[in-house]
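As you go down the protein sequences, you meet chains U and X in turn. Residue numbering for the first sequence is 1 to 114, as defined by the numbering used here. Residue numbering for the second sequence is 1 to 111, as defined by the numbering used here.
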Amino acid sequence: DTEVTQTPKHLVMGMTNKKSLKCEQHMGHRAMYWYKQKAKKPPELMFVYSYEKLSINESVPSRFSPECPNSSLLNLHLHALQPEDSALYLCASSQDETGGTEAFFGQGTRLTVV
Amino acid sequence: RKEVEQDPGPFNVPEGATVAFNCTYSNSASQSFFWYRQDCRKEPKLLMSVYSSGNEDGRFTAQLNRASQYISLLIRDSKLSDSATYLCVVNMRTGGFKTIFGAGTRLFVKA
């Protein structure tokens with residue numbers, strides 16, 4: 001199983017809503033990531049979790065709150081988002097964060113903030 | 001200067017052509033290198049890893065030049081299905097470990 005599963009696939013939310021994005025992998029990977037991708041741009045790293053601990057936060061606004069309940073799950077809690085936060089949110093995982101292995105991506109959640 | 005730079009293209013080539021992409025990286029502490037392919041509105045998928053000794057997979061050849069800090073991807077006998085965005089990806093240690101994407105190179109293969 002080389003899958004990273006993200007839910008939901010599409011999400012429309014208002015600026016006052018609270019929602020969560022979910023990501024799951026069962027490859028035994030110990031590093032998990034959140035990326036944001038705008039149209040015609042490359043993915044931009046948001047957060048890195050290594051062994052269930054947050055190791056990198058790329059100065060992401062606090063309206064995005066990551067959570068790693070266990071080694072297979074990664075959540076991204078959203079609150080008071082802005083329309084410019086509309087994007088494709090990609091979750092990825094890799095064997096570990098030593099840098100030697102490739103990352104596997106989920107299909108993404110396409111988020112629209114209205 | 002961006003940490004990973006690619007020519008965004010687009011590259012428009014006929015079927016059967018050979019096309020090459022280059023990518024440069026600025027951090028000499030970079031550890032591993034990959035080419036990913038991304039189709040429109042889809043997630044990035046690993047195409048191949050890149051090693052100093054070179055890596056070939058069918059019509060695709062990737063090469064790493066650590067001294068000059070660039071990686072390359074060569075596609076031979078292009079197919080219509082090769083049309084996609086090709087992302088150069090570098091894993092590097094800058095404090096913590098990061099995966100950095102290049103801007104991507106768009107390829108259109110025409111009949």
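Even glycine gets a Cβ: it sits at the ideal position worked out from N, Cα and C.
- For Phe60/X, no CB of chain U lies under 8 angstroms from its own CB, so it is not counted at the interface with that chain.
- In this structure Ala20/X is exposed. Its beta-carbon is surrounded by fewer than 16 other beta-carbon atoms within 10 angstroms.
- Spanning the alpha carbons of Pro66/U and Thr16/U requires a straight line of approximately 18 angstroms.
- Not a single CB atom of chain U sits nearer than 8 angstroms to the CB of Gln69/X.
- Interface annotation for the segment 46 to 60 of chain X against chain U: Leu46 and Ser49, criterion Cβ-Cβ distance under 8 angstroms.
- For chain U, the residues of the segment 27 to 47 of chain X that bring a beta carbon within less than 9 angstroms of one of its beta carbons are Ser30, Gln31, Ser32, Phe34, Tyr36, Gln38, Arg41, Lys42, Glu43, Pro44, Lys45 and Leu46, in chain order.
- Residue contact check for Phe108/X against chain U: no CB pair falls below 8 angstroms.
- For Asp85/U, no beta strand (DSSP E) encloses it, and the DSSP letter there is neither H nor E.
- The continuous beta strand (DSSP E) containing Val50/X extends over residues Lys45 to Val50.
- Put simply, the CB of Thr105/X is far from chain U, with every gap to its CB atoms at 8 angstroms or more.
- Between Glu102/U and chain X, the shortest Cβ-Cβ separation is below 8 angstroms.
- The C-beta distance from Tyr36/X to Glu3/X rounds to 16 angstroms, too long to meet the 8 angstroms contact threshold.
- Residue-level contact by beta carbon holds for Leu45/U and chain X, with a gap shorter than 8 angstroms.
- Between Met27/U and Ser93/U a beta carbon distance of about 7 angstroms is seen, short of the 8 angstroms cut, so the two are scored as contacting.
- By alpha-carbon distance to Ser62/U, the top candidate from Leu74/U, Gln82/U, Phe105/U and Glu3/U is Gln82/U.
- Where Leu11/U is concerned, the enclosing beta strand (DSSP E) starts and stops at His10 to Met13.
- With a beta-carbon spacing of about 7 angstroms, Leu73/X and Phe60/X fall inside the 8 angstroms limit used to define contacts.
- Residue-level contact by beta carbon holds for Leu90/U and chain X, with a gap shorter than 8 angstroms.
- Taking 8 angstroms as the threshold, the shortest C-beta distance from Gly9/X to chain U does not fall below it.
- Taking a Cβ-Cβ threshold of 8 angstroms, the residues of chain U close to Gly102/X are Pro42, in chain order.
- Note that the C-beta distance between Glu43/X and Gly100/U is not below 8 angstroms.
- For Thr5/U, the closest of Pro69/U, Asp96/U and Leu74/U by C-alpha to C-alpha distance is Leu74/U.
- At least one CB of chain X lies nearer than 8 angstroms to the CB of Gly106/U.
- Secondary structure of Asp82/X (DSSP, three-state): helix.
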